[in-house]
Amino acid sequence: MTHEGGCLCGAVRFRCEGEPLNVRICHCRNCQKAMGSPFYARALFAQGALSVTGETARYASSEAIDRVFCKVCGTRLFSWRRNGTAAGVALATFDDRNAFAPTAHIWISEKMDWVKLDDGLPQYQATVPQ
């Protein structure tokens, strides 16, 4: 299965092959700041399953993650693991924005107080335990 998407202005397009490793909503402070939003809803794909066309820029938001965005319009597209394993793709950037439904909330220990989680999904204080 192929899933495509892109940025607001259309300068960056991407294609994901296959199904995501997981689909989660992250409430950590880094994601809040990077996305300019209370949380980051993303589908995690192996980096080899993702192809990108167009000019992007990167910001190393931590030792482990680069945030990747369109150089033209600034749309935040990916959280790219620096170790080469996986990339989170922002759910709202897929052409079919309803293609994936989250299965868990992570880092709720850093969730904004006014966000109410009543969707019945599992909630984890940090990341999902292994």
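Heads up, the sequence shown is in this note's numbering, so the first residue is 300 and it goes up one at a time.
Beta carbons are placed, not taken as given, at the ideal position from N, Cα and C, and that holds for glycine.
Contact fails between the segment 370–380 and the segment 408–421, because fewer than three Cβ pairs, one in each stretch, are under 8 Å apart.
For a cut-off of 8 Å, the C-beta gap from Gln-346 to Ala-385 is around 6 Å, short enough to register as a contact. If you compare the alpha carbons of Met-334, Ile-407, Ser-360 and Arg-314 with that of Ala-425, the shortest gap goes to Ile-407. The Cβ atoms of Leu-376 and Ala-356 lie no closer than 7 Å to each other. Rounded to the nearest whole angstrom, the C-alpha separation of Ala-359 and Trp-379 is 9 Å. Here the alpha carbons of Phe-393 and Asn-321 stand approximately 15 Å from one another.
Taking C-beta atoms as the reference points, Gly-317 and Ala-348 count as a pair closer than 7 Å. For Cys-330, the uninterrupted alpha helix (DSSP H) run begins and ends at 328–334, by DSSP. Our two residues, Gly-387 and Arg-396, have alpha carbons roughly 15 Å apart in a direct line.
At the C-beta level, Ala-403 and Arg-323 come within 7 Å of one another. Boundaries of the beta strand (DSSP E) harbouring Thr-355: 355–359, taken from the DSSP string.
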